[in-house]
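Below: the structure, in structure tokens.
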Amino acid sequence: MQENENRFFQEKYLRIREEFHNLSDLELQTFRLTDEEMIEDIRKLDYITFHEVNFEDSDALMLTEPMLQPSFRRQVRLYRLKYPESEKDVVFTEKDNNEPTRYYYHNHITDQYTAEQHLRNVYQKERHNHFKISIDFGYIKETVTYTSDRTREVTYSSVYPRTSLSPLNIQALITSEADMERYIQYLSALIIENQERTLDDTHTRFVAIVSMVAVVYRIPLAGRAIPALEKFIKRREVHYIESPYPNNCFFEAL
């Protein structure tokens, strides 16, 4: 297993070196460390599984059973009313389609499969680009407080996905469909981690996932052309050819 992982990453970074000439050794090392961290999280799946919470009419990916079910359902309905069916899948860019950063929202997560398919759909839309990706979830939060006479009060509120993203969530480099499938494994590990967290904190906890955002950072094309190439461009002796490497520039000196 570990030997296969090592071979996968060796091939990945060899491919990156061939396709990119504007990434420094430090940047490549950062990507390697990120991948190693992600693999450590994925390995949790070998001995920890997601515990299904049987909760009728939840309309959400349940992490734990809420203390007050009617109040919880009411909060989920309020969240769903905010995003009708026509706004279930929403994409935002800052200016236009050429922006390097895009926000892919899915505002109706009800199970892990829906979350996984959302990431696969993002890859299909971005597969002609190399990009970094990070995710965040929208939650229903349960808060327990006590009055002066020790009466317990339980309330529910919505926590929306943050476009700034949690620094705890890994930002991974995606250069192939295999990279995305590995990142989907990380998604599973992240959901389990969220579920484990509900067992540690009984005063404020996330009881369900209701939405998510995948933020895509497109990697720009290679840097400025070398001086020799610039001379050929000015003399109009450069022509474009088909290439399997979307971020490389090829030319022939005539």
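With my numbering as the guide, the letters of the sequence shown map in order to residues 47 to 300.
Heads up, the beta-carbon is just placed ideally off N, CA and C, and yes, glycines get one too.
Pairing Ile-237 with Ile-94, the inter-Cα distance amounts to about 11 Å. Proximity to Gln-231 across Asp-81, Lys-58, Arg-53 peaks at Asp-81, based on C-alpha coordinates. Of the candidates Ser-117, Glu-227, Arg-196, Leu-233, the residue whose Cα lies closest to the Cα of Ile-186 is Ser-117. In the structure shown, the three-state DSSP call for Val-99 is coil. With contacts defined by Cβ atoms closer than 7 Å, Val-262 and Ile-181 do not form a contacting pair. Your pair Ile-265 and His-176 checks out as a contact, with CB atoms roughly 5 Å apart and the cut at 8 Å. Taken through DSSP and simplified to helix, strand or coil, Ile-220 comes out as strand. In the structure shown, the three-state DSSP call for Glu-133 is helix. In the structure shown, Thr-139 adopts extended strand secondary structure according to DSSP, grouped into three states. Beta-bridge annotation (DSSP): Ile-181 is paired with Ala-260.
With contacts defined by Cβ atoms closer than 7 Å, Ala-106 and Ala-254 form a contacting pair.
In the displayed model, Ala-254 falls within a strand according to three-state DSSP. Between the alpha carbons of Ser-104 and Met-258 lies a gap of roughly 17 Å.
Here Thr-147 carries a strand assignment [DSSP, helix/strand/coil].
The alpha-carbon of Leu-114 is positioned some 27 Å away from that of Lys-134. If you compare the alpha carbons of Phe-252, Asp-225, Thr-189 with that of Lys-58, the shortest gap goes to Asp-225. Sequence-distant Cβ neighbours of Val-168 in its own chain, meaning closer than 6 Å and more than five residues away, are Tyr-150, Ala-260. Tyr-202 carries a strand assignment under DSSP once its states are collapsed to helix, strand and coil.
Between Gln-170 and Arg-198, the alpha-carbon positions lie close to 48 Å from each other. Taking C-beta atoms as the reference points, His-164 and His-152 count as a pair closer than 7 Å.
In the three-state reduction of the DSSP assignment, Tyr-192 falls in the strand class.
Contact check for Tyr-125 against Val-205 fails: the beta carbons are separated by 7 Å or more. One alpha carbon belongs to His-97, the other to Arg-148, and they sit about 32 Å apart.
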